[in-house]
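Protein chains in written order, with my numbering: chain A, 1127 to 1425; chain P, -3 to 295. Glycine residues also receive a C-beta, built at the ideal position from the N, C-alpha and C atoms.
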Amino acid sequence: MSASIPFRIGASAGNPAVSQSTSEPAFVRRLLIGMALAFLVLFLFLPLGVVFFTALGDGVRVYLQTFRDPDTISAIRLTLIAAGIAVPLNVVFGIAAAWAIGKFEFVGKSLLITLIDLPFSVSPVVAGLVYVLLFGLQGLLGPWLIAHNIRIIFAVPGIVLATIFVTFPFVARELLPMMQAQGNDEEEAALTLGASGWQTFFRVTLPNVKWALIYGVILCNARAMGEFGAVSVVSGHIRGLTDTMPLHVEVLYNDYQFVPAFAVASLLALLALLTLVVKSVAEWRSGHSIRAAGEEAGL
Amino acid sequence: MTIRWKKRSILPGFGLSLGLTLFYLCLIVLIPLSATVLKASALTWHQFWHVVTSPRAMASYRLSFGGALIGATINLFFGILVAWVLVRYRFPGKRLFDSLVDLPFALPTAVAGISLTAIYAPNGWLGKPLASLGIHVAYTRLGVVIALTFIGLPFVVRTVQPVLEDLDKELEEAAASLGAGRLQTFTRVLLPTILPAAITGFTMAFARAVGEYGSVIFIAGNMPMRTEITPLLIVTKLQEYDYAGATAIAVAMLAVSTALILPINMLQRWAGSRIGKEFARDPESAMGLPPIYKQVEAR
Chain A
1127 MSASIPFRIG ASAGNPAVSQ STSEPAFVRR LLIGMALAFL VLFLFLPLGV
1177 VFFTALGDGV RVYLQTFRDP DTISAIRLTL IAAGIAVPLN VVFGIAAAWA
1227 IGKFEFVGKS LLITLIDLPF SVSPVVAGLV YVLLFGLQGL LGPWLIAHNI
1277 RIIFAVPGIV LATIFVTFPF VARELLPMMQ AQGNDEEEAA LTLGASGWQT
1327 FFRVTLPNVK WALIYGVILC NARAMGEFGA VSVVSGHIRG LTDTMPLHVE
1377 VLYNDYQFVP AFAVASLLAL LALLTLVVKS VAEWRSGHSI RAAGEEAGL
Chain P
-3 MTIRWKKRSI LPGFGLSLGL TLFYLCLIVL IPLSATVLKA SALTWHQFWH
47 VVTSPRAMAS YRLSFGGALI GATINLFFGI LVAWVLVRYR FPGKRLFDSL
97 VDLPFALPTA VAGISLTAIY APNGWLGKPL ASLGIHVAYT RLGVVIALTF
147 IGLPFVVRTV QPVLEDLDKE LEEAAASLGA GRLQTFTRVL LPTILPAAIT
197 GFTMAFARAV GEYGSVIFIA GNMPMRTEIT PLLIVTKLQE YDYAGATAIA
247 VAMLAVSTAL ILPINMLQRW AGSRIGKEFA RDPESAMGLP PIYKQVEAR
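If you want it as structure tokens, here you go:
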């Protein structure tokens, strides 16, 4: 790399035609930028714009009215409950998985990673279906659950389970590349100096992977609060009882209550924007490694 | 001669973290998924075939796979363009555009669904002018393609971007000094280098689009035989308590997408092998893929 720099400077200084030949004419450049930005505006800015425009179309008072409706409040509460259970569980799992896979060499590691990734490659609808087949009326455990008066499908436990399933790999997937990249040297040094296992983890490992963890958590949370397909299959759409925010958006929209539907949607859109902001900050704080790792996680 | 299944390490916590990982993986993912397989095997082969080849199911495969293929192809073209513009050119708002590329990952699918429908409905921002031209987007197959393009948008951009960033300028200078025009340099030098990463992104966008539910059902109109996607057909069968039928179609969807993705992966390996020995030896790092991918191949 360093050897090529003098050549590059010399070439472009001495002969401007060379540097010109590795860039495009100005009109081509403008055309390409124009096409790319038109595509992004069409597919990203317009959908985002229409959410807030419609939500606030009848004024701020009407917008705020939506959030006084008991069904909306119960949908927000259920979403918070589902995410509140799913995210911490997946964080504990993600840290354990990243520690086992990232810090040790053992047989069957790649199989384990493939299995952890499985929920990414399954359609959300199938993720819901899986739990219906297990716990539903005609499901494998259905008769037993009825006999013991336990409701999972068309109730809150099913929603929580489906949410855990679809957000299962996020934290593990963000942490794993970072844990591997850090290596074991610092932990080994800490242990040699007499730190206990937990001390090593909390004082050495965790600070090193802090930003990957924060990013993983916010990603996991965004998906947990926004999941639609899987939750829709197991929820049964009982208004005020088993409707999460995305399901409530659907109910309102299908009732032609567009302003309330977009008002609830705007909250979810704000959450998405917040997620992107945290992502940018996390990337900036820990270099490009996080972003490269994030893509493969499907986010 | 005993074969050690784990390398010796002084770090503690292997048993605990691996045990926790495996327990949670089995509980949330593996046991529920195997229940699905069990349920599918309850049908005889004849019944299974009858369900998965019914005209309504066939029409839904055509729409889901065809729409996903068109959407992923649009994203292949514009993804390369957007990645190129973001890496090579400077323009105002570049950082904003760059971070917003991930919006389809972060925005809940139901929100994307209603906002795309609002834009392309006959009275929408774009739906109105298009309708006066005789083009109807919402509630047609075109609408399905728009939604599937939206949710697959980030994949190609995010797989191609790191490859373009790592590309040595010398490659293009060499091509230029050997007398290649700019277009020739792009098609003969640059395109073959970014193609494997682009195909990876294409495959991810395709796989995601096939299973997509939330963003499509609002804009699709959901008419059986015409605008009904396969995941919706699964949900419909579930709502009719036809668990076996729903499972059969889910299994068929999984089989077809595997059958389609395998040749794409082979195409990608072929495209990769053309780049030369450096690439063949270590395709992951040559493509700028994150370390996690390397790790999967490593064992």
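When C-alpha distances from Thr1289(A) are compared across Leu1397(A), Pro1245(A), Gly1234(A), Gly1185(A), the shortest belongs to Pro1245(A). A straight-line Cα-Cα distance of about 22 Å links Leu92(P) and Ala1391(A). Non-local beta-carbon contacts of Ala127(P) in its own chain, meaning distances under 7 Å to residues more than five positions away in sequence, involve Pro118 in chain order. Counting other Cβ atoms within 10 Å of its Cβ, Gly11(P) stays below 16 and is therefore classed as exposed.
Taking C-beta atoms as the reference points, Val140(P) and Ala194(P) fail to come closer than 8 Å. Lys2(P) carries a strand assignment under DSSP once its states are collapsed to helix, strand and coil.
Positions of the alpha helix (DSSP H) runs, each at least 4 residues long and wholly inside the stretch 1301 to 1365 of chain A, are given as 1311 to 1318, 1323 to 1326, 1336 to 1352, 1355 to 1361 in order along the chain.
Residues of chain P with a Cβ closer than 8 Å to the Cβ of Gln1264(A) are, in chain order, Tyr237, Tyr239.
Under the DSSP assignment, Ile213(P) falls in the alpha helix (DSSP H) whose first and last residues are 210 to 216.
Taking a C-beta distance under 8 Å as the contact criterion, Ala1222(A) and Ser13(P) qualify as a contact pair. Taken through DSSP and simplified to helix, strand or coil, Phe87(P) comes out as coil. Excluding five sequence positions before and after Thr1180(A), the CB atoms of its chain that fall closer than 8 Å to its own CB belong to Phe1384, Val1385, Phe1388, given in chain order. With contacts defined as CB atoms closer than 8 Å, Ile213(P) and Leu228(P) qualify as a contacting pair.
Here the C-alpha atom of Thr1368(A) lies approximately 31 Å from the C-alpha atom of Leu1172(A). Nearest CB-CB separation between Pro1372(A) and chain P: below the 8 Å threshold. According to DSSP, residue pairing for Phe202(P) in a beta bridge does not occur. Residues Ala1288, Ala1356, Val1359, Val1360 of the same chain have their beta carbon placed closer than 6 Å to that of Gly1254(A), with the five preceding and five following residues left out of the count. Annotation: Tyr1189(A) has no Cβ neighbours in chain P at a cutoff of 7 Å; minimum Cβ distance is about 16 Å.
Counting the other Cβ atoms within 10 Å of the Cβ of Thr40(P) gives fewer than 16, which makes it exposed.
A residue is called buried once 16 or more other Cβ atoms fall within 10 Å of its Cβ, and Arg1411(A), having fewer, is exposed.
Proximity of Leu39(P) to chain A, defined by a Cβ-Cβ separation below 8 Å, is not satisfied. In the same chain as Ala143(P), and ignoring 5 residues on each side of it, the C-beta atoms closer than 6 Å to its own belong to Leu112, Ser211, Val212, Ile215, in chain order.
Ranked by Cα distance from Thr183(P), the first of Phe198(P), Thr196(P), Leu167(P) is Leu167(P). Pairing Leu129(P) with Ala114(P), the inter-Cα distance amounts to about 18 Å.
In this structure, the alpha-carbon of Ala1307(A) lies about 17 Å from that of Ser1236(A). Annotated as distal: Tyr209(P) and Leu1259(A), with beta-carbon spacing of 8 Å or more. From the beta-carbon of Arg222(P), no residue of chain A is found nearer than 8 Å; the closest lies around 20 Å away. One finds Gly1323 in chain A with Cβ atoms closer than 7 Å to the Cβ of Pro8(P), taken in chain order. A Cβ-Cβ distance of about 6 Å is found for the pair Leu1238(A) and Ile1227(A), placing them in contact under the 8 Å criterion. For Thr17(P), the residues of chain A that pass the 7 Å Cβ criterion are Phe1219, Ala1222, Ala1223, Ala1226, in the order they occur in the chain.
Taking a cut-off of 8 Å on C-beta distances, the stretch 130 to 139 of chain P touches the stretch 217 to 224 of chain P, as three or more cross pairs fall below it. Look at Ile66(P): its C-beta is not under 8 Å from any C-beta on chain A. By the C-beta density criterion, Gly120(P) is buried, having at least 16 other C-beta atoms within 10 angstroms. Rounded to the nearest whole angstrom, the CA to CA distance from Glu161(P) to Cys22(P) is 40 Å. Here the alpha carbon of Ile1199(A) sits roughly 10 Å from the alpha carbon of His1374(A). Around the Cβ of Leu72(P), a 10 Å sphere holds 16 or more other Cβ atoms; the residue is buried.
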